[in-house]
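Below is one structure, written out as structure tokens; comments come after it.
Residue numbers (the working numbering), protein chains in the order written: chain A, 1 to 112; chain B, 113 to 225.
In structure tokens:
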């Protein structure tokens, strides 16, 4: 069973900020929130991850609510190349020989 | 700059053939994974390996086997290919402690006819 809930699809205008929500109400204290995206016909690409503090890198920002039950991925200035399926995944920290469990993700379409 | 390399981008095989999908990573990662991706079903984990010669079944291992004789190489084997194994296959690797990200290959689109 998926641990996360995301909207099926979203539109965003080019140049605007894209805000992708994710609900993970059953997240455990030792689980990180990961975001990956998959551009058509390519393998998934890591974007960002976090535990409880907000995180920012060159690609995006991740905002996690104080209760950690939801998060938002922010692409600050969306371009047409950001059109992709975005996956929100929760996973325990540290070791563990198991894979990432992908849900259906959000299909983000950037409109010119 | 390529980190995870899959041997073929496209592959066409006949029903009943033995098929090998090869994956090589150059990051000295302990964990390696094989997924398949189908429309409407998303990515599903077939097998993973956390060390040389070690393997664990994922969610859909039936009809597949794997081999990891060297740390950098993880092979997916279809002993007798069937049409329902037509799919996109994705290989990935990650550090053993999962502190960092997982890297995915570009995928192999396998068609079994």
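Glycine is no exception: its CB is placed at the ideal position from the N, C-alpha and C atoms.
Only a predicted model underlies this, so the values are computations on that prediction, with no experimental measurement involved.
The beta carbons of residue 115 of chain B and residue 215 of chain B sit closer together than 8 Å.
The beta carbon of residue 84 of chain A sits closer than 7 Å to the beta carbons of 37, 38, 39, 108 from its chain, once the five residues preceding and following it are set aside; these are given in chain order. Against chain B, a Cβ distance below 7 Å from residue 100 of chain A picks out 214.
The alpha-carbon separation between residue 61 of chain A and residue 88 of chain A amounts to approximately 13 Å.
Scanning chain B for C-beta atoms nearer than 7 Å to the C-beta of residue 104 of chain A yields 154, reported in chain order.
Within the segment 61-91 of chain A, no run of alpha helix (DSSP H) at least 4 residues long lies entirely inside it. Per the Cβ contact rule, the segment 8-17 of chain A is in contact with the segment 75-84 of chain A (3 or more Cβ pairs under 8 Å). Sequence-distant Cβ neighbours of residue 69 of chain A in its own chain, meaning closer than 6 Å and more than five residues away, are 25. For residue 56 of chain A, the three-state secondary structure derived from DSSP is strand.
Rounded to whole angstroms, the separation of the alpha carbons of residue 34 of chain A and residue 91 of chain A is 8 Å. The bridge partners DSSP lists for residue 216 of chain B are B:204.
With contacts defined as CB atoms closer than 8 Å, residue 149 of chain B and residue 199 of chain B qualify as a contacting pair. Judged by DSSP secondary structure, residue 117 of chain B falls within the beta strand (DSSP E) whose first and last residues are 116-118. Within the DSSP secondary-structure output, residue 158 of chain B pairs in no beta bridge. Chain B has a Cβ within less than 8 Å of the Cβ of residue 43 of chain A. Contacts with chain B (Cβ-Cβ distance below 8 Å) from the segment 44-56 of chain A involve 44, 45, 46, 49, listed in chain order. Here the C-alpha atom of residue 123 of chain B lies approximately 38 Å from the C-alpha atom of residue 23 of chain A. The beta carbon of residue 142 of chain B is closer than 7 Å to those of 162, 163, 207, 208 in its chain, skipping five residues each way along the sequence. Between residue 218 of chain B and residue 43 of chain A, the gap from beta carbon to beta carbon is short of 8 Å. A direct Cα-to-Cα measurement between residue 155 of chain B and residue 58 of chain A gives close to 26 Å.
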